[in-house]
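Chemist: Remember, the working numbering sits 7 above the position in the sequence shown when you count from 1.
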Amino acid sequence: MSTASYSTTEDRNFDTSDRSSADGRSTWPEGSTTQEVKARAGKLLDDAKDSAQSLANDKKDVAADGLHDVAGALRQAAQSRSGDDPLLGLTGSAADGLDRLSNALRNKDVSVMMRDMESFARAQPVAFFGLALATGFLAVRFMKASHS
Numbered sequence: 008m009s010t011a012s013y014s015t016t017e018d019r020n021f022d023t024s025d026r027s028s029a030d031g032r033s034t035w036p037e038g039s040t041t042q043e044v045k046a047r048a049g050k051l052l053d054d055a056k057d058s059a060q061s062l063a064n065d066k067k068d069v070a071a072d073g074l075h076d077v078a079g080a081l082r083q084a085a086q087s088r089s090g091d092d093p094l095l096g097l098t099g100s101a102a103d104g105l106d107r108l109s110n111a112l113r114n115k116d117v118s119v120m121m122r123d124m125e126s127f128a129r130a131q132p133v134a135f136f137g138l139a140l141a142t143g144f145l146a147v148r149f150m151k152a153s154h155s
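#1: Do you know offhand how far L51's Cα is from K67's?
#2: On the three-state DSSP scale, how would you describe K115?
#3: Quick one: give me the first and last residue of the alpha helix (DSSP H) that D92 is part of.
#4: List the endpoints of the continuous alpha helix (DSSP H) containing T40.
#5: My guess is that L108 and L74 are in contact by the Cβ rule of under 8 Å, so how many angstroms apart are they, rounded?
#6: Roughly how many angstroms lie between the CA atoms of P132 and L138, to the nearest whole one?
#7: What is the rounded straight-line gap between the Cα of D18 and the Cα of V44?
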């Protein structure tokens with residue numbers, strides 16, 4: 008006589024506890040097939056991707072607005088300087104560059120930017136890593152300066 012008998016449904020389904028809600032009922036519909044579960048998981052993944060892309064587009068627009076504001080501040084600083092200042096041309100060029108970057112950010116879709124960035128990273132991994140490192144250092148300096 009075997010002591011490890013799996014004669015009841017409860018014994019055979021001991022591993023389904025991770026699919027139960029707080030009240031102990033299964034969150035999967037009764038009789039779900041593997042295909043149905045995969046379809047449900049795929050839909051959840053698609054919904055998460057859509058939400059992430061929407062959030063990224065919103066943040067992209069905020070970043071574009073911020074760059075435009077910085078460009079405007081640089082232009083104001085350049086206008087307040089005298090005409091003999093050698094930094095005048097550099098400041099104006101920086102403002103123009105930031106405006107171009109702002110417009111490019113605003114007009115490009117996040118998924119296109121991600122593909123472009125992935126292509127650049129594959130083609131130029133050293134340059135990509137260097138730019139990522141420099142961006143990180145600049146972000147930390149900016150955060151420290153704004154915190155003070």
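Note that beta-carbon positions come from the ideal geometry of N, C-alpha and C, so glycine has one too.
Modeler: Reading off the structure:
#1: In the sequence shown, residue 51 corresponds to position 44, counting from 1. In the sequence shown, residue 67 corresponds to position 60, counting from 1. L51 and K67: Cα-Cα distance of roughly 24 Å.
#2: Taking the first residue of the sequence shown as position 1, residue 115 is located at position 108. K115: coil per DSSP, three-state reduction.
#3: As a first step, residue 92 is located in the sequence shown; it is residue number 85 there, counting from the start. Element bounds for D92: n/a, residue is neither H nor E.
#4: Reading the sequence shown from its first residue, position 33 is the one you call residue 40. In the DSSP annotation of this structure, T40 is not part of any alpha helix (DSSP H), being labelled neither H nor E.
#5: As a first step, residue 108 is located in the sequence shown; it is residue number 101 there, counting from the start. As a first step, residue 74 is located in the sequence shown; it is residue number 67 there, counting from the start. Contact annotation, L108 with L74: C-beta distance approximately 6 Å; criterion of less than 8 Å satisfied.
#6: As a first step, residue 132 is located in the sequence shown; it is residue number 125 there, counting from the start. As a first step, residue 138 is located in the sequence shown; it is residue number 131 there, counting from the start. Cα to Cα, P132 sits roughly 10 Å from L138.
#7: For the purposes of this step, residue 18 is taken as the residue at position 11 of the sequence shown. For the purposes of this step, residue 44 is taken as the residue at position 37 of the sequence shown. Because D18 carries a pLDDT of 45, less than 50, the predicted location of this residue cannot be relied on, and no value is offered for it.
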